[in-house]
Amino acid sequence: MNTKIVFSEKCLGYGQYHIEGPARVKKAAEVLKGFGYEFLEPEPASEDDLLRAHDVEYVWNLKKSLVEDPDTPAYDNIYEFARLAAGGAILAAKVGGFSIMRPPGHHCGRSGAALGAYTRGFCYLNNMAVAVRHLGKPTLILDIDGHHGNGTQEIFQGDSKVTYLSLHRHPHYPGTGNDSRGNVLNFPLWADCGDEAYLETLDAALSQVSKREFEVVAVSAGFDTHMGDLASLGLTEKCYRGIGERIAELGRSVFFVLEGGYQGEIIGKDIDQLLKRLESRS
Ligand SMILES: [Zn+2]
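Given below as structure tokens:
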């Protein structure tokens, strides 16, 4: 297996009773170990790295756990957990790996809840934004989580180095992502649209971006699109293999950062399917 999985058991230490709980990534890690993937341990992101994507006041409040909202509790030491997940995304970006660290990140904007959303949707720092800014290369962010990445859109809207492309369920939380503007391309899909409609939409979406514009593909990889999960688009394992084939065909270096997905065993299997074609490429 060529793609390294970025993971630390330290990320299991909070939120036992929340749907975004430790069991999901613990199980996913077990499944991926069973498939033979190699694992790497991340270091926390530096404060300078965080400040490339977030306002100083927000980071300050997060340090003091002053960021409670109805979806996103102010756990003890959440700043340290979030910083380690952001570091996981940076390591994945450096080695072309897949970070399965938690908490997720794509709903978190520069200073928390983004684009009019009421909550940060289980997110504390935008791991993907921190990693993309750390790398500093022209990047296509492909967001395949079932929810729109309102935080990522907010951070990168108007950034000439980055194209943000998202396929997501709509109408659904956080209520954004119904239209496209400039470097942000949004493709709303109806609940349980199924594999075929999803892959057709992905092909249409990718045909709108010029390969000359990016050196890196950064995948915000959520699996709550899987049939029956929180933002179900009715997708099966086969669809993730199809998504991975399209990513491999872009012919660029790739890294992945876990977003949502709430059934650990399914996350592990879907990740393996997503990586199949990239694994056979090299
Ligand atoms: Zn999601």
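Residue numbers for the sequence shown follow this note's numbering, beginning at 1479 and rising by one.
Note that CB positions come from ideal geometry on N, CA and C, so glycine has one too.
Predicted model only: the values in this text are computed from it and were never measured.
If I measure Cβ to Cβ from residue i and keep anything under 6 angstroms in the same chain, skipping five residues before and after, which residues do I get?
{"i": "Ser1658", "result": "Asn1664"}
{"i": "Leu1708", "result": "Asp1702 and Tyr1740"}
{"i": "Ala1564", "result": "Ala1523, Leu1603, Asn1605 and Val1608"}
{"i": "Ala1571", "result": "Ala1609, Leu1613 and Phe1733"}
{"i": "Val1537", "result": "Leu1528"}
{"i": "Gln1635", "result": "Val1662"}
Quick check on DSSP: helix, strand or coil for residue i?
{"i": "Val1573", "result": "helix"}
{"i": "His1704", "result": "strand"}
{"i": "Thr1679", "result": "helix"}
{"i": "Asp1657", "result": "coil"}
{"i": "Ala1552", "result": "coil"}
{"i": "Asn1480", "result": "coil"}
{"i": "Asp1621", "result": "strand"}
{"i": "Thr1595", "result": "Per the sequence shown, residue 1595 should be read as Ala rather than Thr. Reduced to three states, the DSSP call for Ala1595 is coil."}
{"i": "Gly1587", "result": "strand"}
{"i": "Phe1517", "result": "strand"}
{"i": "Ala1563", "result": "helix"}
{"i": "Ser1758", "result": "helix"}
{"i": "Phe1733", "result": "strand"}
{"i": "Asp1547", "result": "strand"}
{"i": "Gln1751", "result": "helix"}
{"i": "Cys1671", "result": "coil"}
{"i": "Leu1490", "result": "helix"}
{"i": "Gly1742", "result": "helix"}
{"i": "Tyr1557", "result": "helix"}
{"i": "Ile1497", "result": "coil"}
{"i": "Ile1568", "result": "helix"}
Looking only at its own chain, which residues have a Cβ that is under 8 angstroms from the Cβ of residue i, when we skip the five neighbours before and after it?
{"i": "Pro1548", "result": "Tyr1596 and Thr1597"}
{"i": "Glu1691", "result": "Pro1616, Leu1618 and Thr1641"}
{"i": "Glu1558", "result": "Pro1522"}
{"i": "Thr1550", "result": "Thr1597, Arg1598, Gly1599, Phe1600, Cys1601 and Tyr1602"}
Measuring alpha carbon to alpha carbon, tell me which residue in the options is nearest residue i.
{"i": "Cys1586", "options": "Ser1577, Leu1540 and Thr1641", "result": "Leu1540"}
{"i": "Gln1631", "options": "Arg1580, Asp1623 and Leu1643", "result": "Leu1643"}
{"i": "Leu1667", "options": "Asp1637, Gly1624, Gly1720 and Asp1554", "result": "Gly1624"}
{"i": "Val1503", "options": "Glu1487, Val1608, Phe1517 and Phe1513", "result": "Glu1487"}
{"i": "Thr1654", "options": "Cys1671, Asn1628 and Ser1638", "result": "Asn1628"}
{"i": "Glu1674", "options": "Gly1700, Pro1652 and Gly1720", "result": "Gly1720"}
{"i": "Ser1710", "options": "Gly1738, Lys1689, Gln1686 and Glu1723", "result": "Gly1738"}
{"i": "Arg1724", "options": "Gln1494, His1648 and Lys1689", "result": "Lys1689"}
{"i": "Gly1700", "options": "Pro1581, Arg1561 and Val1662", "result": "Pro1581"}
{"i": "Gly1742", "options": "Gly1493, Cys1601, Tyr1495 and Ala1507", "result": "Ala1507"}
{"i": "Val1573", "options": "Asn1656, Phe1517, Gln1751 and Cys1671", "result": "Phe1517"}
{"i": "Ala1726", "options": "Gly1706, His1704, Asp1621 and Val1695", "result": "Val1695"}
{"i": "Asp1554", "options": "Ala1501, Cys1489, Glu1757 and Ala1592", "result": "Cys1489"}
{"i": "Glu1519", "options": "Ile1568, His1650, Gly1590 and Ala1682", "result": "Ile1568"}
{"i": "Asn1656", "options": "Ser1638, Tyr1492, His1626 and Ser1758", "result": "His1626"}
What first and last residue would you give for the alpha helix (DSSP H) that runs through residue i?
{"i": "Pro1500", "result": "Pro1500 to Phe1513"}
{"i": "Ala1609", "result": "Asn1605 to Leu1613"}
{"i": "Arg1719", "result": "Glu1715 to Glu1727"}
{"i": "Leu1528", "result": "Glu1525 to Leu1529"}
{"i": "Phe1665", "result": "No alpha helix (DSSP H) holds Phe1665; the beta strand (DSSP E) holding it covers Val1662 to Leu1667."}
{"i": "Ile1633", "result": "Asn1628 to Phe1634"}
{"i": "Tyr1536", "result": "Val1534 to Lys1541"}
Pop quiz: residue i and residue j are said to be a contact at Cβ under 8 angstroms. What is the actual Cβ separation, rounded to whole angstroms?
{"i": "Val1697", "j": "Val1640", "result": "With a Cβ gap of about 14 angstroms, Val1697 and Val1640 do not count as contacting."}
{"i": "Leu1684", "j": "Ile1578", "result": "In fact, because the Cβ distance is near 25 angstroms, the residues do not count as touching under 8 angstroms."}
{"i": "His1584", "j": "Asp1527", "result": "That pair is no contact at about 17 angstroms."}
{"i": "Val1677", "j": "Cys1717", "result": "Sequence inspection shows Leu at residue 1677; the Val mentioned does not correspond to that position. Contact holds; Cβ gap of about 7 angstroms."}
{"i": "Val1484", "j": "Phe1576", "result": "7 angstroms"}
{"i": "Ile1633", "j": "Ala1560", "result": "15 angstroms between Cβ atoms; not a contact."}
{"i": "Gly1712", "j": "Cys1671", "result": "6 angstroms"}
Starting from residue i and walking both ways along the beta strand (DSSP E), at which residues does that stretch end?
{"i": "Tyr1642", "result": "Val1640 to Arg1647"}
{"i": "Val1687", "result": "Counting along the chain, Val1687 falls outside any beta strand (DSSP E), and DSSP gives it neither H nor E."}
{"i": "Val1695", "result": "Val1694 to Ala1699"}
I'd like the list of long-range same chain contacts for residue i, defined as Cβ closer than 7 angstroms, with 5 residues on each side in sequence excluded.
{"i": "Gly1514", "result": "Met1479"}
{"i": "Leu1562", "result": "Ser1486, Lys1488, Cys1489, Pro1520, Pro1522 and Met1579"}
{"i": "Tyr1492", "result": "Tyr1553, Ile1556 and Phe1559"}
Could you tell me whether the Cβ of residue i comes closer than 8 angstroms to any Cβ of chain C?
{"i": "Cys1601", "result": "The structure shown has no chain C; it contains just one protein chain."}
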